[in-house]
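Have a look at the structure below, then the notes.
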Amino acid sequence: LVFSTVTMVWVYLHVKRQEKRNKQYVFRGSAQDRQKESERIRKILFLYTLSLYFAYGPLFVFVIVAPTQTLFSIFRILGPTLGFFNMLVYFLPNCLKYQKDHPGTWLVTA
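First residue of the sequence shown: 1, per this note's numbering; consecutive thereafter.
Take a look at the structure:
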């Protein structure tokens with residue numbers, strides 16, 4: 001978990017630094033598009049990291065506190081949820097686009 005978080009933060013900071021360096025060489029409209037794309041990627045990285053912590057965070061807490069049979073039962077329940085949360089993060093941009101094209105649509109129905 002820590003390695004994934006550190007890696008994602010490092011990649012984001014590296015890309016952000018590179019964007020600042022390249023900002024002087026691009027046209028105004030292009031820079032705004034790149035800024036939107038960078039924000040979109042940052043949000044997706046954050047959501048993937050959050051889903052990883054939600055699925056495996058309790059496991060690490062229980063391992064440290066008291067490894068019991070209950071721990072393994074909880075892991076069996078929370079383990080597959082990582083795939084479910086990753087699916088939600090993967091489909092979120094399409095749902096947001098649909099919601100933007102069809103105002104008044106609830107995010108879950110999009």
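Using N, Cα and C, we set each Cβ at its ideal position, and we do this for glycine too.
In this text the structure is predicted, and so the values were computed from the model without any measurement.
By the criterion of a C-beta distance shorter than 8 Å, S4 is surrounded in its chain by T49 and L52, once the five residues flanking it on both sides are discounted. If you compare the alpha carbons of Y98, P93, Q69 and W106 with that of E39, the shortest gap goes to P93. When secondary structure is reduced to three states using DSSP, G83 falls in the helix class. Close CB contacts of L71 within its chain, under the 6 Å cut and outside five residues either way in sequence, are with F62 (chain order). Judged by DSSP secondary structure, Q18 falls within the alpha helix (DSSP H) whose first and last residues are V2 to N22.
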